[in-house]
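Have a look at the structure below, then the notes.
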Amino acid sequence: MASISGTSSTTTSNYYLLNTGTSSNLQISGLASGIDVDSIVNKLMQAESVPLDTMNQKLQLLEWKRDDYRSMSSQLSDLLNIVNTMTLQSSYTKAATVSDPTKVTVTPASGAGNGTYTISSATLATAAMTYSHVNASQDFDPSKPLIEQVTNLADGISWTTQSAQDEEGSPESHSVSADGKVFKLNNGAVNKDSLSVSVTDKDGVTTSYTVFDSEEEFNTSEEANKVLLNKTTGQLTFNNTIEKDSTIDASYEYNTVKIDLTTYDSNSNEKRIQFDANGSMSLNSILQKINSYGTVNTFYDSTSKQVSVAASATGDLNKSGNDITFNTSFLTTTLGLKEAVNGTDANVTVNGMPMTSSSNTFTINNTTFTLNQEVSSGQTVTIGIDTDTDGMFDKIKSFVDKYNETIDKINSMTSVAPNRDYSPLTAAQKAQMSDSDITNWNEKARQGTLYNDTILNSSLSKMRQDIYGAISGITGGSYSQISQIGITTSQNYMEHGKLIIDESKLQSAIASDPDSVMKLFTNGNTSTSNASSMGIAKRLFNTITDTVSKIKTQAGTVSLPNDQFYIGKSIDNLNDEISSFQDHLKMIQTRYYTQFTAMEQAIQQANSQATFIQNAFS
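Add 36 to a position in the sequence shown, counting from 1, and you land on the number used in this note's numbering.
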């Protein structure tokens, strides 16, 4: 091992003394012989501990290698994120210029054709809509159950009575999973006079309960078995505890209102909205459920007492009739909704050609146009679609920069050999060094953990092939190799394949044939076995993904248990060896102290005998 510079004057003389259950520093030794037993045992243990130091150094090297592998994996994953974006045609954007963006918004997709569009007139599409005034008092609350709001609606509510019994006449049944007194029926808005309740316990004994809907009457009644009904919610409160595994049977009727309206979706398909709204629902919750069907948007305004209904889609959705039709008295009488005014289609003239659209958003040649305001006759909005050359250039340059950074870091790890003069420090050596010296030493001792690593070197070689190899099967393009667009390899062998960009040549290539430049990176499919037809980004995606997977097999991840990857298993095995060897050292240390203690006892006994004889002669 190389010499250690800058050592501290403070040392730990008994560092190699192990903890055997009692501290060696507190042992009283050498009183008879005058020998420094701790010092001698420490030196003996120092020799015995050489294999332990070797194992700890090996453990440190394994941990460094694991961490360096993970660092390379993180670097490759960062590059993979950029490469993944480069595989998507949608990431190579087109740019749109609009003379009046307040009237028209334009979004070109990656495959949008370059060109110019002129919108000379446009009227906006509208949605079918209607609203009504609800004949309600000031006390009407749309957030409370309808059953409680009947007196606040002048036109009343036409209820439909439903039975909780099934088609065979069986009552609603509830299995009791835990002891309790409070249970709930499946429905609210219950007709109290129609309700009968019985409970069958786990032994098969059935008990009928008298129903009350007044809490006062319930509390004062002397009935042995009684139940209090909340008519609005359907809650049942029994006076007796209903035991687990019992069955509650209830026969009753409850009030609903029928919701039925005919609507149309954006494709002019009829969508009928039909359901029975329980009287325990509020007006707001009923309107929200109507909205959940997706074809209309409704709401109630408490200030004006108006209900608004509008089609979700714009345009004339039903050319042969009404876009929205209300089919029940609750909608037409209670809420007062009348026939809706049909929606209208958008009419727009593009490049002199009249067009009709049910939506204010339409697509031409992979370019999406959205009408924001009417374009009057005589006005014009001019749109230009062109390749976003600056955006494409920046994307490719960012990729090249990240690629160069990645191969530089990998090469720095794989090309530097271990320094045999610097091994991981032992605990005893660290105790004699300053923190800065330890840091400097470890930097040298750590280098070379991935020297000539086959996983990383193979990945570098494959990535170079991915980039430089010609791409076959590109149709309608001018370029088949990356060198044709101004990206070449550095001639300096010390830079290990660094990519160099001729910016003017790359910009010219993008401007002259952007689709071909895009296909250089995106052509083909990552799942095909024919790599020659894959674009550069798709080749790299497969190579880097495979490399990251192999590194994970070797070094795992922070969250992965050691027994799930190779280095982790080696670390666990070595830790077991270290633990066993430490137990072995403790036994040796105990034996040394036992031997020295026996010697001290023999010397002490001899001294006692000598003193006795001396005293006898004197």
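Every residue gets a Cβ at the ideal spot worked out from N, C-alpha and C, and that includes glycine.
Exclusion of the five residues before and after Gly533 leaves Ile443, Leu496, Arg500, Thr525 and Ser526 as the residues of its chain whose Cβ lies within less than 8 angstroms of its Cβ.
A direct Cα-to-Cα measurement between Ala163 and Phe335 gives close to 16 angstroms.
A direct Cα-Cα distance of roughly 15 angstroms separates Val134 from Thr423.
In the DSSP assignment, Val73 is bridged to no other residue. Contact check for Leu98 and Ile603: beta-carbon distance about 6 angstroms, within the 8 angstroms limit, so the pair qualifies. Relative to His169, the option among Phe429, Ser338 and Gln310 whose CA is nearest is Ser338. Look at Arg500 here: in three-state DSSP terms it is helix. Restricted to the region 280 to 343, the beta strand (DSSP E) segments that are unbroken, complete and at least 3 residues in length are 283 to 287, 289 to 300, 306 to 314 and 332 to 337, listed in chain order.
Bridge partners of Glu208 according to DSSP: Ala286. In the structure shown, Phe648 falls within a helical segment according to DSSP collapsed to helix, strand and coil.
Assigned with DSSP and collapsed to three states, Gln271 falls in strand.
DSSP places Ile118 inside the alpha helix (DSSP H), whose first and last residues are Val86 to Met122.
Residues of the same chain with their beta carbon placed closer than 7 angstroms to that of Ser644 are lacking, with the five preceding and five following residues left out of the count. Contact between Ala161 and Ser393 is confirmed by a C-beta separation of about 7 angstroms, below the 8 angstroms threshold. For Gly484, the number of other beta carbons within 10 angstroms of its own is at least 16, and it is reported as buried.
Looking at the DSSP output, Ala132 shares a beta bridge with Ile421. For the pair of segments examined, the region 577 to 589 was found not to touch the region 539 to 548: the number of CB pairs separated by less than 8 angstroms stays below three. Every beta strand (DSSP E) stretch that sits fully inside the region 160 to 200 and reaches 3 residues is listed by chain position as 165 to 169 and 196 to 199. DSSP places Val436 within a helical segment (H, G or I) once states are collapsed to three.
Under the 10 Å beta carbon count, Ser413 is surrounded by fewer than 16 other beta carbons and is classified as exposed. Under DSSP, Tyr153 takes part in a beta bridge, and its partners are Ile419. The beta carbon of Phe254 is closer than 7 angstroms to those of Phe248, Lys262 and Leu264 in its chain, skipping five residues each way along the sequence. Only buried fits Tyr515, as 16 or more other CB atoms lie within 10 angstroms of its CB.
Taking 8 angstroms as the cut-off, the beta carbon of Asn363 is found closer than this to the beta carbon of Leu297. With fewer than 16 other beta carbons inside 10 angstroms of its own, Ser244 counts as exposed. In this structure, the alpha-carbon of Asn408 lies about 31 angstroms from that of Asn320. Around the CB of Asp430, fewer than 16 other CB atoms lie within 10 Å, so the residue is classed as exposed. For Pro390, the enclosing beta strand (DSSP E) begins and ends at Met389 to Ser393.
Under the three-state reduction of DSSP, Phe601 is assigned to coil, being neither helix nor strand. Collapsing the DSSP output to three states places Val594 in coil. Residue environment: Phe653 is assigned as exposed (fewer than 16 neighbouring CB atoms within 10 Å of its CB, all protein chains considered). Note on geometry: alpha-carbon atoms of Arg102 and Tyr458 lie some 19 angstroms from one another. The beta-bridge partner set that DSSP reports for Thr243 consists of Val235. Per DSSP, Phe429 has no beta-bridge partner at all.
Between Phe405 and Thr350, the alpha-carbon positions lie close to 15 angstroms from each other. For Ile474, the uninterrupted alpha helix (DSSP H) run begins and ends at Asp471 to Arg482, by DSSP.
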